[in-house]
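What follows is a short report on a single structure.
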Amino acid sequence: MTASKAAEPTNPSASLQNHGVPERLAKHTVRYADYREVSREAMTPMMRHYAEVKDQHPYALLMYRVGDFFETFFQDAITIARELELVLTSKDAGKTIGRVPLSGIPHHALERYCTQLVEKGYAVAICDQVEDPAQAQGPLVKREVTRIITPGTVLEEGMLAARRNNFLAAVVIAGEYWGLAHADVSTGEFLTTQSTDLEALAQELMRLQPAEILVPTNAPDLGALLRPGEKSDRLPDCLPAQFCYTFRSQTPFTKTEARQRLLESFRLRSLEGTGCDHLPLATRAAGGLLEYLEDTQKSTLAPLQTLSTYAITEYLVIDHQTRRNLEITQTCRDGMYHGSLLWALDKTVTAMGGRALRRWLLQPLLSLEGISARQDTVEELVTNGSLRQYLQQLLKQIYDLERLAGRAGSGTANGRDLVAMADSFARLPDLAALMNHADSPYLVRLQFVPPELEQLGNVLRSHLVENPPLYLTEGNLIRDGINPQLDKLRSQVTADQQWIANLETTERTRSGISTLKVGYTKAFGYYISISRSKSAQAPDDYIRKQTLTNEERYITPELKECESRLLHLKEEIHELEYNLFIHLREQVSEQVALIRKVAAAVAAADVLAALAEVAIYQGYCRPEMVSGRPVFVENGRHPVVEQSLPAGFFVPNDTGLGSVVSSADQLTPDLIILTGPNASGKSCYLRQVGLIQLMAQVGSFVPAKSAMLGVCDRIFTRVGAVDDLATGQSTFMVEMNETANILNHATPQSLVLLDEIGRGTATFDGLSIAWAVAEHLATEIGSRTIFATHYHELNELASILSNVANYQVTVKEMPDQIIFLHQVRPGGADKSYGIEAGRLAGLPASVISRAKQVMGQIEQHSKIAVGLRQPQGEDFTEEKPEEQLDIFGS
Numbered sequence: 009m010t011a012s013k014a015a016e017p018t019n020p021s022a023s024l025q026n027h028g029v030p031e032r033l034a035k036h037t038v039r040y041a042d043y044r045e046v047s048r049e050a051m052t053p054m055m056r057h058y059a060e061v062k063d064q065h066p067y068a069l070l071m072y073r074v075g076d077f078f079e080t081f082f083q084d085a086i087t088i089a090r091e092l093e094l095v096l097t098s099k100d101a102g103k104t105i106g107r108v109p110l111s112g113i114p115h116h117a118l119e120r121y122c123t124q125l126v127e128k129g130y131a132v133a134i135c136d137q138v139e140d141p142a143q144a145q146g147p148l149v150k151r152e153v154t155r156i157i158t159p160g161t162v163l164e165e166g167m168l169a170a171r172r173n174n175f176l177a178a179v180v181i182a183g184e185y186w187g188l189a190h191a192d193v194s195t196g197e198f199l200t201t202q203s204t205d206l207e208a209l210a211q212e213l214m215r216l217q218p219a220e221i222l223v224p225t226n227a228p229d230l231g232a233l234l235r236p237g238e239k240s241d242r243l244p245d246c247l248p249a250q251f252c253y254t255f256r257s258q259t260p261f262t263k264t265e266a267r268q269r270l271l272e273s274f275r276l277r278s279l280e281g282t283g284c285d286h287l288p289l290a291t292r293a294a295g296g297l298l299e300y301l302e303d304t305q306k307s308t309l310a311p312l313q314t315l316s317t318y319a320i321t322e323y324l325v326i327d328h329q330t331r332r333n334l335e336i337t338q339t340c341r342d343g344m345y346h347g348s349l350l351w352a353l354d355k356t357v358t359a360m361g362g363r364a365l366r367r368w369l370l371q372p373l374l375s376l377e378g379i380s381a382r383q384d385t386v387e388e389l390v391t392n393g394s395l396r397q398y399l400q401q402l403l404k405q406i407y408d409l410e411r412l413a414g415r416a417g418s419g420t421a422n423g424r425d426l427v428a429m430a431d432s433f434a435r436l437p438d439l440a441a442l443m444n445h446a447d448s449p450y451l452v453r454l455q456f457v458p459p460e461l462e463q464l465g466n467v468l469r470s471h472l473v474e475n476p477p478l479y480l481t482e483g484n485l486i487r488d489g490i491n492p493q494l495d496k497l498r499s500q501v502t503a504d505q506q507w508i509a510n511l512e513t514t515e516r517t518r519s520g521i522s523t524l525k526v527g528y529t530k531a532f533g534y535y536i537s538i539s540r541s542k543s544a545q546a547p548d549d550y551i552r553k554q555t556l557t558n559e560e561r562y563i564t565p566e567l568k569e570c571e572s573r574l575l576h577l578k579e580e581i582h583e584l585e586y587n588l589f590i591h592l593r594e595q596v597s598e599q600v601a602l603i604r605k606v607a608a609a610v611a612a613a614d615v616l617a618a619l620a621e622v623a624i625y626q627g628y629c630r631p632e633m634v635s636g637r638p639v640f641v642e643n644g645r646h647p648v649v650e651q652s653l654p655a656g657f658f659v660p661n662d663t664g665l666g667s668v669v670s671s672a673d674q675l676t677p678d679l680i681i682l683t684g685p686n687a688s689g690k691s692c693y694l695r696q697v698g699l700i701q702l703m704a705q706v707g708s709f710v711p712a713k714s715a716m717l718g719v720c721d722r723i724f725t726r727v728g729a730v731d732d733l734a735t736g737q738s739t740f741m742v743e744m745n746e747t748a749n750i751l752n753h754a755t756p757q758s759l760v761l762l763d764e765i766g767r768g769t770a771t772f773d774g775l776s777i778a779w780a781v782a783e784h785l786a787t788e789i790g791s792r793t794i795f796a797t798h799y800h801e802l803n804e805l806a807s808i809l810s811n812v813a814n815y816q817v818t819v820k821e822m823p824d825q826i827i828f829l830h831q832v833r834p835g836g837a838d839k840s841y842g843i844e845a846g847r848l849a850g851l852p853a854s855v856i857s858r859a860k861q862v863m864g865q866i867e868q869h870s871k872i873a874v875g876l877r878q879p880q881g882e883d884f885t886e887e888k889p890e891e892q893l894d895i896f897g898s
């Protein structure tokens, strides 16, 4: 049953209070929310235009420019006042309407407030004045929606995280097939892919973490923006609910419409070169995304890079659970950057490099050639320390060229942006000279500086002042000697200003009043001030303009004429400087593609220099990457935990997997059963192996004395579990779901890291599941696996299966305590020391004592008899377990 909707109160005041409007305002306001309920004929002209614009953008908060403010009305005003904690007031909307809710923000604070709204998942339509109010004809200044800011279309520097991408994505689903396109309008990246398996779509979205996802639908309410956590029947079940979704019409997502839009936008005759000519769903997603950008960005659409296609199988696949468990970009417990792998490795010195490192960590390579090229560059920078240091010094002087180019291409770059670009271009020749003798691939790319950018940098530096103002209409942008007309106007302004500067001396002499002063106020302009006691001595041509308590203020015809001329000259100067600046910005926009190409090379060099620095200071080695299946690591360390501990405290350990001949001339197993006490470091060891493999395929050096690694197609982890209350799943169910995903997708080329499978249910059930999972991985899949467990019975697998080995995390037993040695050694443990872990955690002494008594009774009276199937085909015998002792009985 569904509850019926309560009727709206007939009292307007009560209605308003129900929607959060204060009582003081509710008494004077007729309509609380829906502008569509109000008669348009009864509205004032401005409110009528507001309603017309709102009709066109019903799902965006409409910021309507009125003087020095952006104002919102009706329900938008109530929403903004609530979300931004602003004062809610009211405005007269017409004689028969009364007052309607009003909330506004200063125009210069638009970016700050829009940032807060976009972070909360709102779209904001900017309706700005597009003509000079002084030249407006008719009752209204002309206004138009110049841009719609949505979570995925942000361009403003202050609204973006400097070191991570802000992706807009579009999804097209047809049965089990799907197409996905994503773009970052601030950097110009534009990619698309197509695949099967809807679970893979969800995982790819989790990797990208898009700020907004477009979903085509033919249902009503097109354009509605579904904020994170909100539910809608129109959202396909396969799409994760934690993202922001926007529903769009199906039309721009049809193959014909999408294909034509892509061809026209990139001026192509065929999509063959983009790689998506035979990927219809990818094409549809890309075309629909491009239409959305054109619709929302209006004339400020930043040029995107030519569409390119990728396949998720071209990279090491890391699902969401593995990214979470390995803490690649944020920690599991609290989602913090500090303590993640990215935190440990990010020594980049540019925002471009920071974003690139994040992308590399989330999308490691499968190509040995690509990995080797990155390793070669890291090795050269490790070997040549001075080269690395000089490189990083130069990179620090290069600004975020990717996003600067985007703002220039969209027509939103200001003077400071172009100066930053000019300064960055000036560093490129120095960078090329530094790399003159470099040999590695990524450094060689920096040896060539496009002459177009050198020339453009010279033009920008010669035209723009060193410290231009923030706003383009205030003048003081262009240097002297650039434009003869500008120099002439400035000369006239200087002459008039000098005349006014000399006026006080001239008038004192002429009038004989030694206390006469010349002043200026923004509201009144220039004036001559004489004390009231001497006002009788004012010359006859003085014209009184203002009388104050102690003085009289005058103007003269000459002063008024000079002031008027100055104002006119400054307006001409500002307009001329603005036009000259726009021309410069257009020159930059013509080179956006070239700038982004250089920026990509700089960003890659920054990442590799950062990895080299970490390798030097943390003592990393270059892993040997081979085409087989080995995972051999000598004295491996956890890259994050090691940095969190004092130097030398971390205990290194070896790892051998994948049937590789070890130093002891023995074959290493496919599956390791790892036993040992609680809190001894098993989970750390698992993550350590996974992170070393991931870092190696990124192209980084790894924290080990030596390493030989085969390329993995996927890394799977199941380390710890939590309740998923949103879907009603218990800890054990989450564990089983993750385990099922691993068993259904792992291959012999995969690396599987499992921790405590089966511990969320009864002992017999859990042991049975753990045994079956381990056996399946070793015999059916053959993936390289480390299986950490407290089920010591699993050690029996090593005597049954030749590719399974037992290892343990060792401890040192003392009379009254144990010491965790954190050393992984061959052999299986037969104790878990859980009670000792509880003591270390701070359990009361009485609880520890009682736990030891109970454990003694269990060890004395209880044993498990479970038949275990032999893989060679022996008869399977099942014995009934003994009845468990009631240890709490008498």
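In terms of the numbering used here, the numbers along the sequence shown are unbroken and rise by one, the last being 898. Virtual Cβ for every residue (Gly too), placed ideally from N, Cα, C. The structure presented is a predicted model; accordingly, all values stated were derived computationally and were not measured.
Query raised in the report: Helix, strand or coil: how does DSSP classify residue 490 here?
Result: Residue state for residue 490 is assigned as coil, using DSSP reduced to three classes.
Query raised in the report: On the premise that residue 254 lies in contact with residue 158, defined as a C-beta separation below 8 Å, what is that separation, rounded to the nearest angstrom?
Result: 7 Å
**Report entry** Reference residue 677; option with closest CA among 74, 822, 814
**Finding:** 814
Query raised in the report: Closest to residue 816 by CA distance: which of 768, 689, 554 is it?
Result: 689
Report task. Mark residue 395 as exposed unless 16 or more other C-beta atoms lie within 10 angstroms of its C-beta, in which case mark it buried. Result -> buried
Query - Pairwise C-alpha distance: residue 765 and residue 777 - result: 8 Å
Query raised in the report: Which value, in whole angstroms, describes the spacing of the CA atoms of residue 452 and residue 359?
Result: When only Cα atoms are considered, residue 452 and residue 359 end up about 22 Å apart.
Query raised in the report: In whole angstroms, what is the alpha-carbon distance linking residue 890 and residue 810?
Result: Bear in mind that a pLDDT of 42 at residue 890, under 50, signals an unreliable position, so the number given afterwards is only what the model happens to contain. Each residue's Cα considered, the two are about 31 Å apart.
Requested in this report: Flag this pair as yes or no: are the beta carbons of residue 369 and residue 353 separated by less than 9 Å?
Outcome: yes
Query raised in the report: The alpha helix (DSSP H) with residue 822 in it runs from where to where?
Result: Here residue 822 belongs to no alpha helix (DSSP H), and DSSP marks it neither H nor E.
Query raised in the report: By Cβ distance below 8 Å, which residues in the same chain neighbour residue 673 in space, the five residues on each side in sequence not counted?
Result: Unreliable placement is indicated for residue 673, whose pLDDT of 49 sits below 50; the coordinate value is still reported in the next sentence. Once the five neighbours on either side are set aside, residue 673 has no close Cβ partner at all.
Requested in this report: Name the two residues that bound the continuous beta strand (DSSP E) containing residue 632.
Outcome: 632-634
Query raised in the report: Taking C-alpha atoms, which residue in 433, 582, 714, 529 lies nearest to residue 605?
Result: 433
Query raised in the report: With contact counted as at least three CB pairs below 8 Å, one residue from each stretch, are the region 380-387 and the region 276-283 in contact?
Result: no
Query raised in the report: If you count every other CB in all the chains shown that lies within 10 Å of the CB of residue 311, and 16 or more means buried, which is it?
Result: buried
Query raised in the report: Between the Cα of residue 314 and the Cα atoms of 200, 456, 659, which residue gives the shortest distance?
Result: 200
**Report entry** Opening and closing residue of the alpha helix (DSSP H) in which residue 303 lies
**Finding:** 288-305 is the span of the alpha helix (DSSP H), which, as asked, contains residue 303.
Query raised in the report: Which residue or residues does DSSP assign as beta-bridge partners of residue 4?
Result: No answer is possible for residue 4: it lies beyond the span of the chain, which begins at 9 and ends at 898.
Query raised in the report: Between residue 484 and the rest of its own chain, which residues show a CB-CB distance below 8 Å, the 5 nearest in sequence each way excluded?
Result: 473, 476, 477, 585
Query raised in the report: Along the chain, which unbroken stretches of the alpha helix (DSSP H) at least 4 residues long are found entirely within the region 196-225?
Result: 206-216
**Report entry** DSSP-derived helix/strand/coil call for residue 741
**Finding:** For residue 741, the secondary structure class from DSSP, reduced to helix, strand or coil, is helix.
Query raised in the report: Are at least three pairs of beta-carbons, each pair with one atom in the region 208-223 and one in the region 419-426, less than 8 Å apart?
Result: no
Requested in this report: Below 7 Å CB to CB, which residues in the same chain sit around residue 698 once its five sequence neighbours on both sides are set aside?
Outcome: Sequence-distant partners of residue 698 (beyond 5 residues in either direction) whose C-beta falls short of 7 Å from its own C-beta, in its chain, are 334, 723, 725, 759, 761.
Report task. Starting from residue 703, trace the alpha helix (DSSP H) both ways and give me its first and last residue. Result -> 690-706
Query raised in the report: Which residues in the same chain have their Cβ closer than 8 Å to the Cβ of residue 237, if we skip the five residues on either side of it in sequence?
Result: 249, 250
Query raised in the report: Enumerated in chain order, which unbroken segments of the beta strand (DSSP E) with a length of 3 residues or greater are wholly contained in the region 109-164?
Result: 132-137, 151-157
Query raised in the report: The beta strand (DSSP E) with residue 178 in it runs from where to where?
Result: 176-182 is the span of the beta strand (DSSP E), which, as asked, contains residue 178.
Query raised in the report: Is residue 450 buried or exposed, if buried means 16 or more other CB atoms sit within 10 Å of its CB?
Result: buried
Query - Beta-carbon contacts of residue 649 that lie in its chain and below 7 Å, excluding the five residues immediately before and after - result: 658, 692
**Report entry** Check whether residue 415 and residue 173 have beta carbons under 9 Å apart
**Finding:** No, these two residues do not count as a Cβ contact at 9 Å.
Query - Cβ-based neighbour list, residue 216, same chain, cut-off 7 Å, excluding 5 preceding and 5 following - result: Taken in chain order, the residues that qualify are 175, 177, 190.
Query raised in the report: Should residue 704 and residue 694 be called a contact, given that it needs their Cβ atoms to be closer than 9 Å?
Result: no
Report task. Could you tell me whether the region 769-785 touches the region 632-648, using the rule of 3 or more Cβ pairs below 8 Å? Result -> In this structure the region 769-785 does not lie against the region 632-648, because fewer than three pairs of beta carbons, one per stretch, are closer than 8 Å.
Query raised in the report: For the candidate residues 118, 296, 619, 156, whose alpha-carbon lies nearest to that of residue 131?
Result: Of 118, 296, 619, 156, the residue nearest in Cα terms is 156.
Query raised in the report: Would residue 864 be called buried (16 or more neighbouring beta carbons within 10 Å of its own) or exposed?
Result: Classified as exposed, residue 864 has fewer than 16 neighbouring CB atoms from the shown chains inside 10 Å of its CB.
Query raised in the report: Is it a yes or a no for the region 257-275 touching the region 291-310, going by three-plus beta-carbon pairs under 8 Å?
Result: Cβ pair count under 8 Å is three or more, so yes.
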